Amino acid sequence: MVTGRFGGTRLARAGAGVTAAALLAACATEQAKEPGSASSPAASQRPQPSAQELGPPGATPRAGEVGRIPPSGSLPPVISSIPTQRKVVFLTIDDGWEQDPGFVRQVREQRIPITAFVMRDAVEALGAPDPAGGQGRFVGRGKWGYVRLLRDAGVPIENHTLTHPNLRTLGYEAQKAELCGTSRLIAKQVGVRPTLFRPPFGNYNADTRRAAKACGLHALLLWTATVQPGGKIAYQVPDKKLRPGDILLLHFRPNLERDFRILVDKIKRRGYELGNLDAYLKAALRRAK
Ligand SMILES: [Zn+2]
């Protein structure tokens with residue numbers, strides 16, 4: 058059932074996750090102490106190793122850590138969180154309106170694991186973002202070139218439709234056109250075909266899952282909390298606490314670099330690690346023995 062990006066090559070590199078987590082922790086402090094470390098001036102003049110050479114960023118699952126998400130019939134499962142007891146959460150970011158180069162730098166240099174769900178009309182600036190997020194400075198600045206920079210920083214680029222419709226209002230064929238059209242476009246522009254789908258507004262129905270399957274998408278990814286401007290976490294649970302396996306939803310909004318710094322500090326202060334979503338999904342969606 059699980060093929061493609063969840064397959065062999067990523068698995069082979071999973072051991073690098075420990076190093077990645079350590080590096081991330083080091084970069085989060087004011088400065089790394091050892092000379093020649095990744096954030097020293099001398100290191101910045103050397104060619105930087107690519108994300109592929111360093112392996113996937115973020116924590117990867119320990120043996121037996123992740124519970125299994127059972128298959129739901131023959132259709133892709135709908136996933137809101139990862140079944141684990143470890144204090145690990147996952148960052149996902151949607152749409153693609155504000156294309157701040159500072160954010161890509163931050164993700165690349167600090168090796169922060171995020172998964173991007175991009176929407177064509179946002180990436181190509183066909184229209185205008187929701188003004189509630191504030192005045193954007195980089196809307197449509199890099200278009201698909203910006204998404205390729207994210208890819209080069211190690212960010213998986215996933216499917217969030219062409220036009221951001223409420224899918225529940227569309228029939229099967231129209232939904233399939235949105236999902237397959239986006240996967241084709243991402244494959245052409247970014248070079249990797251998506252395997253995950255995030256429905257706009259979290260709205261989906263049985264036709265969405267059928268369409269996702271027809272378009273080669275392995276799972277629908279929802280979320281357990283959203284991140285607001287200022288790095289504030291809006292929980293969907295009454296006790297307002299992070300929980301192991303939470304999936305957090307952000308947007309490509311103005312001031313993302315600052316908000317992201319606040320958010321990552323907050324998560325670490327609460328004793329949580331940032332997890333590699335691909336590696337955890339692969340473990341959670343494993344076949345029954
Ligand atoms: Zn969206």
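Under my numbering, residues 58 to 346 are what the sequence shown spells out, in order. Where is the CB? At the ideal position from N, CA and C, for every residue including glycine. What you are looking at is a predicted structure, and each value in this text was computed from that prediction instead of being measured.
Exercise for the section: Using alpha carbons as the reference points, say which of 321, 169 and 131 lies closest to residue 275. Expected result: 131
Practice task
Quick one: which unbroken alpha helix (DSSP H) runs of 4-plus residues sit fully inside the region 150-184? Chain order, please.
Solution key: 158-167 and 177-180
Exercise for the section: Could you say which of 137, 320, 189 and 219 lies nearest to residue 236 if we only look at CA atoms? Expected result: 219
Practice task
Would you check if the region 258-268 and the region 116-126 touch, i.e. whether three or more CB-CB distances between them fall below 8 Å?
Solution key: In short, these stretches do not touch, since the Cβ pair count stays below three.
Problem - Residue closest to residue 54, alpha-carbon to alpha-carbon, out of 164, 306 and 216 - result: One cannot answer for residue 54 here, as it falls past the ends of the chain, which runs 58 to 346.
Handout entry: Beta-carbon spacing of residue 172, residue 333 below 7 Å
Key = no
Exercise for the section: Verify whether the separation of the beta carbon atoms of residue 320 and residue 160 is less than 7 Å. Expected result: It is not a contact, given that the beta carbons lie outside the stated cut-off.
Exercise for the section: With DSSP as the reference, label residue 228 as helix, strand or coil. Expected result: Secondary structure at residue 228: coil, using DSSP grouped into helix, strand and coil.
Problem - Chain-ordered residues, beta carbon under 6 Å from a heavy atom of ligand 1 - result: 151, 152, 176, 217, 221 and 257
Problem - Environment of residue 155 [buried if 16+ CB atoms lie within 10 Å] - result: buried
Exercise for the section: Could you check what DSSP says for residue 296 in three-state terms: helix, strand or coil? Expected result: coil
Handout entry: Nearest-angstrom Cα separation, counted from residue 158 out to residue 342
Key = 34 Å
Practice task
Would you check if the distance between the CB atom of residue 152 and the CB atom of residue 308 is smaller than 7 Å?
Solution key: yes
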